[in-house]
Amino acid sequence: MNLHRLLLERAAGGKPLRVGLIGAGKFGAMYLAQAKHTPGIHIVGIADLSPDRARSSLARTGWPEERYSARSAADALKNGNTWITEDAPALIAAPQIEIVIDATGNPAAGIRHVLAACAHGTHIVMVNVEADALAGPLLAQRARDAGIVYSLAYGDQPALICEMVDWCRAAGFEVVAAGKGTKYLPEYHASTPDTVWPYYGFSPEMVAAGDFNAQMFNSFLDGTKSAIEMAAVANATRLAPAPDGLAFPPCGVDDLPRVLRPRSEGGCLHHAGQVEVISSMERDGRPVFRDLRWGVYVTFRAGDARGEDYVRRCFTEYGFSTDGSGRYAAMYKPYHAIGLELGISVASVGLRNEPTGQPVTWSGDVVATAKRRLAAGEALDGEGGYTVYGKLMPAAASLRCGGLPLGLAHGVKLKREIAAGTTVRWDDVAFDADDDAVRFRREMEVVFADVANQPDAAD
Numbered sequence: 028m029n030l031h032r033l034l035l036e037r038a039a040g041g042k043p044l045r046v047g048l049i050g051a052g053k054f055g056a057m058y059l060a061q062a063k064h065t066p067g068i069h070i071v072g073i074a075d076l077s078p079d080r081a082r083s084s085l086a087r088t089g090w091p092e093e094r095y096s097a098r099s100a101a102d103a104l105k106n107g108n109t110w111i112t113e114d115a116p117a118l119i120a121a122p123q124i125e126i127v128i129d130a131t132g133n134p135a136a137g138i139r140h141v142l143a144a145c146a147h148g149t150h151i152v153m154v155n156v157e158a159d160a161l162a163g164p165l166l167a168q169r170a171r172d173a174g175i176v177y178s179l180a181y182g183d184q185p186a187l188i189c190e191m192v193d194w195c196r197a198a199g200f201e202v203v204a205a206g207k208g209t210k211y212l213p214e215y216h217a218s219t220p221d222t223v224w225p226y227y228g229f230s231p232e233m234v235a236a237g238d239f240n241a242q243m244f245n246s247f248l249d250g251t252k253s254a255i256e257m258a259a260v261a262n263a264t265r266l267a268p269a270p271d272g273l274a275f276p277p278c279g280v281d282d283l284p285r286v287l288r289p290r291s292e293g294g295c296l297h298h299a300g301q302v303e304v305i306s307s308m309e310r311d312g313r314p315v316f317r318d319l320r321w322g323v324y325v326t327f328r329a330g331d332a333r334g335e336d337y338v339r340r341c342f343t344e345y346g347f348s349t350d351g352s353g354r355y356a357a358m359y360k361p362y363h364a365i366g367l368e369l370g371i372s373v374a375s376v377g378l379r380n381e382p383t384g385q386p387v388t389w390s391g392d393v394v395a396t397a398k399r400r401l402a403a404g405e406a407l408d409g410e411g412g413y414t415v416y417g418k419l420m421p422a423a424a425s426l427r428c429g430g431l432p433l434g435l436a437h438g439v440k441l442k443r444e445i446a447a448g449t450t451v452r453w454d455d456v457a458f459d460a461d462d463d464a465v466r467f468r469r470e471m472e473v474v475f476a477d478v479a480n481q482p483d484a485a486d
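Just so we're aligned: the sequence shown equals residues 28 to 486 in the working numbering.
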């Protein structure tokens with residue numbers, strides 16, 4: 028509750044947090060819109076493969092041109108302005124920068140950026156949840172070994188869910204389920220960039236007039252982004268996916284305690300302590316009443332059976348939404364502000380050396396799953412594309428079947444035909460064993476094999 032006060036103190040002392048941003052797309056631009064008037068923050072540098080895009084993002088978010096005219100990080104520090112470069116490694120290596128934000132969304136790049144941050148002693152905030160889902164447990168371990176903070180990004184749903192889980196546990200409740208809402212129907216798993224816009228209700232004219240990336244939007248629709256985000260939550264909270272992955276039950280906020288409880292007690296969960304995503308649509312396409320499409324939630328119950336009656340009475344006295352038994356309750360946040368909230372992570376990391384969520388185990392994984400029959404010799408096109416979607420699995424199940432992680436299912440060719448709805452395996456593709464991202468992921472599979480294979484509620 029003191030981050031703003033601490034930022035004011037840093038500003039008054041002439042020692043603002045020195046920040047570098049990698050990736051000036053939508054998320055990065057949203058952060059820049061807030062950072063320009065946040066006390067105690069100095070955006071020293073921005074790296075983007077297209078420096079013109081970075082300049083456009085700055086102009087669009089109200090930055091005067093003179094504020095991003097620095098010729099180097101040293102120049103930016105001296106004059107209080109911002110350096111723009113296309114060289115992300117140089118940005119990370121700059122001694123003038125103490126916190127770097129990866130907002131690229133590229134898994135392989137994310138791995139490189141974290142390892143570079145480790146080498147240079149620079150804290151890192153990972154908007155790049157794709158890299159976290161691919162190799163976050165080992166990346167976070169490397170960061171801890173290097174004495175830096177690796178943090179999930181506040182404003183993105185995984186960090187907000189982690190905060191709610193932490194609130195529950197710190198208050199003495201047992202977490203039953205945690206997750207987010209989304210728009211979902213089973214048919215969406217087969218959606219491609221060619222079919223995505225009607226599902227969103229966007230006309231051709233709207234798409235032509237806007238800055239829309241069909242593959243990115245499709246990754247939210249086809250279930251991939253939900254799987255990636257819930258893997259990040261599972262690994263940061265020790266909650267476990269169900270054996271069959273996400274079920275996307277239709278559920279509104281008033282029904283959270285009733286639906287998000289174990290099947291043995293009338294709910295939809297495989298087990299207590301599960302990650303799950305709820306749908307804002309009934310299976311027949313009708314909208315869910317009081318849906319949570321843009322928000323996050325946690326369901327919980329009293330942690331001590333002997334005191335359960337007392338806690339149940341308290342739930343009633345203070346107006347909690349509960350199930351029929353009064354035993355299960357829920358909290359939710361209806362919205363998330365994405366990059367507009369990212370400054371919470373920057374302040375927490377820079378002022379407290381504390382992440383807003385980070386992987387602490389390997390509980391969940393995201394594997395490539397065929398959207399349709401795929402032919403031998405066909406190249407996979409990754410997240411949101413035409414060939415595969417990402418499915419959440421317990422990490423142990425992914426290891427047992429040799430599942431190909433979704434983050435590496437781009438540009439690799441199939442060695443054999445794959446049936447629709449089938450998990451794609453390492454053995455099904457011709458991959459480059461010497462690729463840096465492949466080697467790092469394979470190393471994680473070895474390092475965390477024992478952790479992933481520990482018996483848990485999902486088995």
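Ideal Cβ placement from N, Cα and C applies to all residues, glycine included.
Nothing here was measured: the structure is a model prediction, and the numbers come from that model.
I'd like to know if the region 254-264 and the region 230-243 are in contact, where contact means that at least 3 CB-CB pairs between them fall below 8 Å. Three or more beta-carbon pairs separated by less than 8 Å are not found between the region 254-264 and the region 230-243, which leaves the two stretches without contact.
Looking at the structure shown, is D463 part of a helix, part of a strand, or coil, going by DSSP? The answer is helix: DSSP assigns D463 an H, G or I state.
Runs of alpha helix (DSSP H) lying entirely within the region 259-334, each at least 4 residues, in chain order: Within the region 259-334, the runs of alpha helix (DSSP H) at least 4 residues long that lie entirely inside it are, in chain order, 283-286.
Run through DSSP, which three-state label would E368 get? Looking at E368 - three-state DSSP - the assignment turns out to be helix.
Check whether the region 295-308 and the region 420-435 are in contact - that is, three or more C-beta pairs closer than 8 Å. The region 295-308 makes no contact with the region 420-435; the number of CB pairs closer than 8 Å stays below 3.
Among the candidates E381, D461, D459, whose CA atom is the shortest distance from the CA of E190? Of E381, D461, D459, the residue nearest in Cα terms is E381.
Is DSSP giving K360 helix, strand or coil here? Strand, per DSSP.
I'd like to check one pair, P386 with A263: are the Cβ atoms closer than 8 Å? Yes, these two residues count as a Cβ contact at 8 Å.
Note down, in chain order, each residue of its chain lying with its Cβ closer than 6 Å to the Cβ of A395, except the 5 sequence neighbours on either side. Excluding positions up to five away in sequence, the list reads V415, L431, L433, A436, V451.
Give me the Cβ distance between A447 and R379, rounded to the nearest whole Å; I'm assuming they're in contact under 8 Å. Not a contact, Cβ separation roughly 48 Å.
Separation of T88 from A60, as counted between CA atoms: About 5 Å.
Suppose only complete runs of 4+ residues qualify. What are the alpha helix (DSSP H) ranges in the region 51-137, listed by chain order? For the region 51-137, whole alpha helix (DSSP H) runs of length 4 or above, ordered along the chain, are 53-62, 78-87, 100-106, 115-120.
So what does T396 bridge to, in DSSP terms? Beta-bridge pairing by DSSP links T396 to Y416, T450.
If distances are taken between C-alpha atoms only, which option among G72, L33, I68, A39 comes closest to A51? Ranking G72, L33, I68, A39 by Cα distance to A51 puts G72 first.
Within 10 angstroms of its Cβ, does Q301 collect 16 or more other Cβ (buried), or is it exposed? Taking a 10 Å sphere around the C-beta of Q301, we find 16 or more other C-beta atoms and assign the residue as buried.
Can you tell me whether DSSP reads V456 as helix, strand or coil? In this structure, V456 counts as strand in the three-state DSSP scheme.
Looking only at C-alpha atoms, which of A197, Q242, F200, W194 sits nearest to A217? Selected option, being the one with the closest Cα: Q242.
Which stretch, first to last residue, makes up the alpha helix (DSSP H) that contains R37? Note, R37: alpha helix (DSSP H), 30-39.
Relative to the C-alpha of E201, which candidate in S96, G250, V192 has its C-alpha closest? The shortest C-alpha separation from E201 is found at V192.
Indicate whether at least one CB of chain D lies closer than 8 Å to the CB of V473. The structure shown contains no chain D, having only a single protein chain.
Using 10 angstroms around the beta-carbon of M28, count the other beta-carbons present and answer buried if the total reaches 16, otherwise exposed. Counting Cβ neighbours within 10 Å, M28 comes out exposed, since fewer than 16 surround it.
Could you tell me the alpha carbon to alpha carbon distance between P231 and V223, rounded to whole angstroms? Our two residues, P231 and V223, have alpha carbons roughly 11 Å apart in a direct line.
Residues that DSSP places opposite A205 in a beta bridge: Beta-bridge pairing links A205 to V302, V325.
Work out the CA separation of S253 and F247 for me, nearest whole Å. Inter-residue distance for F247 and S253 is about 7 Å (C-alpha atoms, whole angstroms).
For T209 and S307, I'd like the C-alpha separation in whole angstroms. Taking the straight line from one Cα to the other gives about 6 Å.
Proximity to A86 [Cα-Cα], best of G107, A74, K63, A103: Of the candidates G107, A74, K63, A103, the one whose C-alpha sits nearest the C-alpha of A86 is K63.
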